[in-house]
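Just so you know, the protein sequences line up as chains R and L, in that order. Taken in order, the first sequence gives residues 12 to 408; the numbers are from this note's numbering. Taken in order, the second sequence gives residues 12 to 408; the numbers are from this note's numbering. Note that CB positions come from ideal geometry on N, CA and C, so glycine has one too. Remarks on the structure that follows.
Number of protein chains: 2
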Amino acid sequence: MILQYETPEVITKVDGVECAGVRVKGGGLGIVKCEGKAVGVFTKNRFKAAPVIVTEEHLKNGFIKGIIVNSGNANAYTGEEGVKNALKMAEMLAEKLECDRKEVLVSSTGVIGVQLNMDWIESLFREVYPQIGSDEENSWKFAKSITTTDSFTKQWGVRIGDVVVAGVAKGAGMIAPNMATMLAYVFTDAKIDCSFIKEVAEKTFNSITVDGDTSTNDTFILVSTEKKACDEKRVKKAVEHVCSVLAEMIVADGEGATKLMRVFVNGAKSEREAKKVAKAVASSTLVKTALFGCDANWGRIIAAIGYSGIDVDEKLDIAIVGGSWRAEEAFSGCKNEKVFIVKDGKDTGKRSVASEIMKKSDVVEFHIDLKAGKCKACVVGCDLSYEYVRINSEYTT
Amino acid sequence: MILQYETPEVITKVDGVECAGVRVKGGGLGIVKCEGKAVGVFTKNRFKAAPVIVTEEHLKNGFIKGIIVNSGNANAYTGEEGVKNALKMAEMLAEKLECDRKEVLVSSTGVIGVQLNMDWIESLFREVYPQIGSDEENSWKFAKSITTTDSFTKQWGVRIGDVVVAGVAKGAGMIAPNMATMLAYVFTDAKIDCSFIKEVAEKTFNSITVDGDTSTNDTFILVSTEKKACDEKRVKKAVEHVCSVLAEMIVADGEGATKLMRVFVNGAKSEREAKKVAKAVASSTLVKTALFGCDANWGRIIAAIGYSGIDVDEKLDIAIVGGSWRAEEAFSGCKNEKVFIVKDGKDTGKRSVASEIMKKSDVVEFHIDLKAGKCKACVVGCDLSYEYVRINSEYTT
Chain R
12 MILQYETPEV ITKVDGVECA GVRVKGGGLG IVKCEGKAVG VFTKNRFKAA
62 PVIVTEEHLK NGFIKGIIVN SGNANAYTGE EGVKNALKMA EMLAEKLECD
112 RKEVLVSSTG VIGVQLNMDW IESLFREVYP QIGSDEENSW KFAKSITTTD
162 SFTKQWGVRI GDVVVAGVAK GAGMIAPNMA TMLAYVFTDA KIDCSFIKEV
212 AEKTFNSITV DGDTSTNDTF ILVSTEKKAC DEKRVKKAVE HVCSVLAEMI
262 VADGEGATKL MRVFVNGAKS EREAKKVAKA VASSTLVKTA LFGCDANWGR
312 IIAAIGYSGI DVDEKLDIAI VGGSWRAEEA FSGCKNEKVF IVKDGKDTGK
362 RSVASEIMKK SDVVEFHIDL KAGKCKACVV GCDLSYEYVR INSEYTT
Chain L
12 MILQYETPEV ITKVDGVECA GVRVKGGGLG IVKCEGKAVG VFTKNRFKAA
62 PVIVTEEHLK NGFIKGIIVN SGNANAYTGE EGVKNALKMA EMLAEKLECD
112 RKEVLVSSTG VIGVQLNMDW IESLFREVYP QIGSDEENSW KFAKSITTTD
162 SFTKQWGVRI GDVVVAGVAK GAGMIAPNMA TMLAYVFTDA KIDCSFIKEV
212 AEKTFNSITV DGDTSTNDTF ILVSTEKKAC DEKRVKKAVE HVCSVLAEMI
262 VADGEGATKL MRVFVNGAKS EREAKKVAKA VASSTLVKTA LFGCDANWGR
312 IIAAIGYSGI DVDEKLDIAI VGGSWRAEEA FSGCKNEKVF IVKDGKDTGK
362 RSVASEIMKK SDVVEFHIDL KAGKCKACVV GCDLSYEYVR INSEYTT
C-alpha cells in the first residue's frame with residue numbers, strides 16, 4: 012500500500028534545521044545539523060544496537076548539535092567493536108560541527124550481526140557533509156537516505172502560525188537478515204518542553220503493529236530548536252499529529268500490506284485496557300488474514316478481544332467503517348458511516364454489507380465499544396497477505 | 012504437513028472406555044461412555060463457550076460417566092440459550108446412561124455466534140448412541156467425529172504392562188467463521204491421581220503455537236477409569252508422552268504448515284523464562300516465514316529472544332538440528348547432529364550449511380542456550396506459508 016501524498020511542510024522548514032543524505036546501493040548516510048533540546052524513546056528489545064546505547068548516553072545532556080544515521084547495516088549484536096564504531100560515527104560529525112561527540116546522536120538500520128564497514132561510512136560522510144543545507148530537496152534526501160526496504164519515503168509536517176513541526180521516518184522493511192527498524196526524527200522550532208515524548212510515542216509509534224516483532228534499533232527522537240515562542244498546547248498537539256501520520260505511513264508500508272486497519276476501542280475501564288484489546292485485535296493473524304480476504308469476520312474479532320486478557324462483558328458493539336487514507340484521519344478515524352456487525356453482543360446480520368465495504372476500502376476501521384467505562388485507545392495495523400509471506404521467506408533467492 | 016503414523020494403542024483399549032462417533036457434512040457427533048475420575052483444563056479466553064462453562068461446573072464432582080462432543084458449531088458467544096443447549100446435550104446422554112447430567116461432560120467446536128440446531132444434534136445422537144462399543148474402529152470414529160478442518164485424525168496411545176494410556180485430539184482448523192479449537196481427551200485405566208493435569212498441559216498443549224490465537228472452546232480432559240493398579244510415576248510419564256504426541260500432531264496439522272519447529276531453550280534462570288523465550292521465537296512471524304523459506308536466519312531468532320521480555324546476555328548459543336517426525340521425539344528432540352549458527356554470541360559462518368539442513372527436514376529444531384541458569388523448556392510451532400494466508404483469507408469464496 013503506497014501512499015500518495017504531499018506534505019504541507021518539510022523538516023528543513025524548521026528554523027535551525029539543515030540536513031543532507033545520500034542513498035546508494037546497499038545503504039545510505041544522512042546527517043542533520045540542528046542545535047536544540049532533544050529527547051528520545053528507544054526499543055525495548057534486550058539486545059539494543061550499539062547506536063542506541065550511544066544515543067541514549069548522549070541524550071543525557073538533553074542538548075544536541077547533530078544527528079548521523081546510516082542505513083544498510085544496523086550495527087546491532089556487534090559487541091564492543093560495534094559501540095566503538097557508533098562512537099566513531101558521532102566523532103566524525105562532531106569534528107565538523109566543532110562540538111563534543113556527546114552532542115551528536117547516532118542511528119543505524121539494516122543487517123544485524125555484522126560489523127560496520129567504517130571506510131564505507133567515512134566515504135559516504137565525505138560525500139554527504141558538504142551537501143548540508145536547508146532546501147526542501149535536502150529534507151527528502153535525508154528522508155531517503157535512512158530507508159532500507161521502504162517502498163516510499165516518509166515525511167510529514169505542519170505549520171501553526173510561524174512555527175513548524177515536521178518529521179521523517181523509516182520503517183516496515185524486514186528483509187533478511189535485517190530487522191524491522193523504525194526510525195523517526197521529529198523537529199520543531201517552537202520552544203516547547205519535549206518531556207511529553209513518551210506519552211506521544213505511546214499513542215502513535217507504540218500503537219502500531221505490522222508483525223509484532225520489535226527491532227534492536229527502534230529510535231524516536233524529538234528535537235526543539237527553541238527559536239520561537241508558541242502556544243505550547245497547540246504545538247504539542249501538532250507533534251502528536253505529525254507522529255500519527257508518520258506512524259500510519261510506516262504501517263501502510265508494512266510488507267505486503269494491501270489495507271490499513273484502525274482498531275478503535277471505546278468504553279474501556281482504563282486506557283491500558285483499551286489499548287490491550289485494540290492491540291490484540293490488530294495483531295491477530297486471523298483478523299489480519301480476514302481483512303486481506305475482505306470478510307467482516309466478527310467471530311475472529313470477538314475471540315481476539317476474549318484472549319486479550321481483560322475482563323469484558325459479551326454485550327459489546329462492533330462496527331466497521333471504510334475509507335481511504337488521508338493524513339488528517341491518522342489515528343482519528345474516517346467520518347464515513349458506521350455499519351454495526353455486532354450490537355449488544357448479537358449478530359446484526361450485516362456481515363455481507365460490511366464485507367462489501369471492506370472490499371472497496373483501503374482503510375478499514377473497527378470500532379469496538381466495550382461499554383465498561385470511559386477510556387479509549389486506537390491501534391493501527393495492516394492485513395497479512397501472500398506478499399508478506401513471499402517477502403519474508405523468499406528474500407534469499 | 013500430514014503425519015503418517017500407526018498408533019500402538021487406541022482409546023477403546025483402555026479398560027472401561029467405549030465410544031462411537033459419526034462425521035457428516037457440516038459437523039459430527041461423538042460419544043464416550045466411561046466411568047471414572049476426571050479433571051480438565053480449559054481455554055483462558057474471556058468468552059468461554061457454553062459447553063466449557065457447563066463442563067467446568069460438572070467436573071466439580073470429579074467423577075463422570077460420559078462425554079458428548081459435537082463439531083460444526085462451537086456453541087460459543089451464544090448467551091443463556093447456548094448454556095441451555097449445552098445442558099440439553101448432557102441430559103440426552105445422561106438419560107441413556109441413567110445418571111445425573113452432572114456426570115456428563117460436553118464439548119463443541121465449529122462456527123461461533125450461532126445457536127446449536129438441537130434437532131440436528133438429536134438426530135445425530137439417535138444415530139450414534141446405538142453404535143457405542145469398544146472395537147478399535149469405534150475409537151477412530153469418535154476421533155473423526157470431533158474434527159472440523161483437520162486434515163488427519165489424531166489418536167495416540169501406549170501400553171505399560173497391562174495398563175493403557177490413550178487419547179484423541181482435534182485442532183488447528185481455523186476456517187471461518189470458526190475458531191481454532193483444540194479438544195483433547197486422554198484416558199487411562201490405571202489408578203492415578205489426575206491432579207497433575209495442569210503441569211502436563213503446561214508442558215504439552217500449552218506449549219504449542221500455530222498462530223497465537225486462543226479459542227473460546229479449548230478443552231483438555233483427563234480420565235482415569237481406575238481399573239488397574241500401576242507404577243504411578245511411569246503412567247504419569249506415559250500421559251505426558253501421549254499429550255506431547257497429540258500436541259505435536261495438532262501443530263503438524265497447523266493450517267498451511269509445511270514444517271514443524273521445536274524450540275528448545277536451555278540455561279535459563281527459571282522454567283517460566285525458558286518458556287517465554289521459546290514461545291517468542293516459535294511465535295515470531297519473521298522466524299516462521301524464514302523457516303518456510305529454509306533460511307537459518309539467526310538475526311530473527313536473536314531479535315525474538317531480545318523482545319521476549321527477559322534479561323539475557325548476548326553471549327548465547329544457537330544450534331539447528333534437522334529431522335523428520337517421529338512420535339518418540341515429540342517435545343524431546345531428534346538425535347541428529349547439532350549445527351551451531353551462533354556460538355558465544357558470534358556468527359559461526361554456518362548459516363548456509365544450516366539452511367541446507369532446513370531444506371531437507373520436515374522437523375527443524377532450534378536449540379538455544381542462554382547460559383544463565385539450569386532451567387529449560389520446549390515450545391513447538393510451525394512455519395507460516397502462502398497456504399496459511401490462502402486458507403484464512405479465501406475461505407468465503
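Going by DSSP, which residues form a beta bridge with residue 272 (chain R)?
Answer is R:375, R:392.
Could you check where the alpha helix (DSSP H) with residue 167 (chain R) kicks off and where it finishes?
Looking at the DSSP string, residue 167 (chain R) is not in any alpha helix (DSSP H); the run it does join, the beta strand (DSSP E), is 165-171.
Cβ atoms of residue 107 (chain R) and residue 140 (chain R): under 8 Å apart, would you say?
The answer is yes: Cβ separation under 8 Å.
Can you check DSSP and say which residues form a bridge with residue 29 (chain R)?
Paired residues: R:44.
Is residue 70 (chain L) helix, strand or coil by DSSP?
Helix at residue 70 (chain L).
Residue 409 (chain R): which of R:74, R:72, R:129, R:124 sits nearest, CA to CA?
Lying outside 12 to 408, the shown extent of chain R, residue 409 (chain R) is not represented and no answer is given.
Roughly how many angstroms separate the alpha carbons of residue 120 (chain R) and residue 60 (chain L), rounded to a whole number?
Roughly 46 Å separates the two Cα atoms.
Within its chain, find whatever has a CB closer than 8 Å to the CB of residue 303 (chain L); leave out the 5 residues flanking it on each side and keep chain order.
The answer, listed in chain order, is 269, 270, 394, 395, 396.
So, do the segment 321-339 of chain L and the segment 367-381 of chain L have three or more beta carbon pairs nearer to each other than 8 Å?
Touching, per the Cβ criterion.
Cβ closer than 9 Å: which chain L residues qualify as neighbours of residue 284 (chain R)?
Chain L residues near residue 284 (chain R): none, gap ~12 Å exceeds 9 Å.
Between R:15, R:281, R:327, which has its C-alpha nearest residue 162 (chain R)'s C-alpha?
Here the closest residue by C-alpha is R:15.
Please state whether DSSP places residue 188 (chain L) in a helix, a strand or coil.
With a pLDDT of only 33 at residue 188 (chain L), under the threshold of 50, the placement of this residue in the model should not be trusted; the figure read from the coordinates follows. Correct three-state label for residue 188 (chain L): coil.
With the cut-off set at 8 Å, would you say residue 292 (chain L) and residue 279 (chain L) are in Cβ contact?
Result no, Cβ atoms of residue 292 (chain L) and residue 279 (chain L) do not sit closer than 8 Å.
Quick check for students: name the residue ranges of the beta strand (DSSP E) that lie wholly in the segment 228-283 of chain L, counting only runs of 3 or more.
For the segment 228-283 of chain L, whole beta strand (DSSP E) runs of length 3 or above, ordered along the chain, are 230-239, 271-279.
Would the segment 213-221 of chain L and the segment 244-262 of chain L be scored as touching if the rule is three or more Cβ pairs under 8 Å?
Enough Cβ pairs lie closer than 8 Å, so yes.
Please return the same chain residues whose Cβ sits closer than 8 Å to the Cβ of residue 382 (chain R), not counting the five positions on each side in sequence.
The answer, listed in chain order, is 278, 324, 326, 327, 328.
What is the DSSP secondary structure of residue 205 (chain L), counted as helix, strand or coil?
If DSSP states are grouped into helix, strand and coil, residue 205 (chain L) belongs with the helices.
Of the choices R:18, R:13, R:19, R:28, whose alpha-carbon is the least far from that of residue 236 (chain R)?
Comparing Cα positions, the closest option is R:28.
Output the boundary residues of the beta strand (DSSP E) element that contains residue 354 (chain L).
Per DSSP, residue 354 (chain L) belongs to the beta strand (DSSP E) from 350-354.
Which residue from L:20, L:117, L:281, L:84 puts its Cα closest to that of residue 173 (chain L)?
Comparing Cα-Cα distances from residue 173 (chain L) to each of L:20, L:117, L:281, L:84, the minimum goes to L:20.
Closer than 7 Å between beta carbons: that is the criterion. Which residues of the segment 248-280 of chain R meet it against chain L?
Flagged: no residues at all.
Ignore the nearest five residues each way along the sequence and tell me which others in residue 136 (chain L)'s own chain have a CB closer than 7 Å to its CB.
Here the set comprises 40, 103.
Just to confirm the assignment: which complete beta strand (DSSP E) runs, minimum length 3, are found wholly within the segment 316-345 of chain L?
Correct list: 328-334.
Does the beta-carbon of residue 133 (chain L), which I'm using as the reference point, lie nearer than 7 Å to any heavy atom of the ligand NAD?
For the ligand NAD, the structure offers nothing, since it holds no ligand at all.
Let me know if residue 247 (chain L) comes out buried or exposed under the rule of 16 or more other beta-carbons within 10 Å of its beta-carbon.
So residue 247 (chain L) ends up on the buried side.
In this structure, how does DSSP classify residue 407 (chain R) when only helix, strand and coil are distinguished?
Residue placement at residue 407 (chain R) cannot be trusted, given a pLDDT of 49 that sits under 50; what the coordinates show is reported in the next sentence. Residue state, collapsed to three classes: coil.
Got a sec, what are the start and stop residues for the beta strand (DSSP E) residue 120 (chain L) sits in?
Unbroken beta strand (DSSP E) run through residue 120 (chain L): 115-122.
Could you compute how far the alpha carbon of residue 241 (chain L) sits from the alpha carbon of residue 150 (chain L)?
When rounded, the distance between both Cα atoms is 24 Å.
Pull up the DSSP beta-bridge partners for residue 199 (chain L), would you.
Answer by DSSP bridge pairing, in chain order: L:176, L:235.
Give the C-beta separation of residue 66 (chain R) and residue 117 (chain R) to the nearest angstrom, bearing in mind that I take them to be a contact with Cβ-Cβ under 8 Å.
Yes, they are in contact, since the Cβ atoms of residue 66 (chain R) and residue 117 (chain R) sit about 6 Å apart, within 8 Å.
What separation, rounded to the nearest whole angstrom, lies between the Cα atoms of residue 243 (chain R) and residue 204 (chain R)?
Cα to Cα, residue 243 (chain R) sits roughly 8 Å from residue 204 (chain R).
Please classify residue 355 (chain R) as buried or exposed, where buried requires at least 16 neighbouring CB atoms within 10 angstroms.
When all chains shown are included, residue 355 (chain R) counts as exposed.
According to DSSP, is residue 194 (chain L) part of a helix, a strand, or is it coil?
Here residue 194 (chain L) sits in strand by DSSP.
According to DSSP, is residue 81 (chain L) part of a helix, a strand, or is it coil?
Residue state, collapsed to three classes: strand.
Pull up the DSSP beta-bridge partners for residue 219 (chain R), would you.
According to DSSP, residue 219 (chain R) bridges with R:391.
Cβ closer than 9 Å: which chain R residues qualify as neighbours of residue 146 (chain L)?
By Cβ distance, chain R contributes nothing, its closest Cβ being about 37 Å from residue 146 (chain L), past 9 Å.
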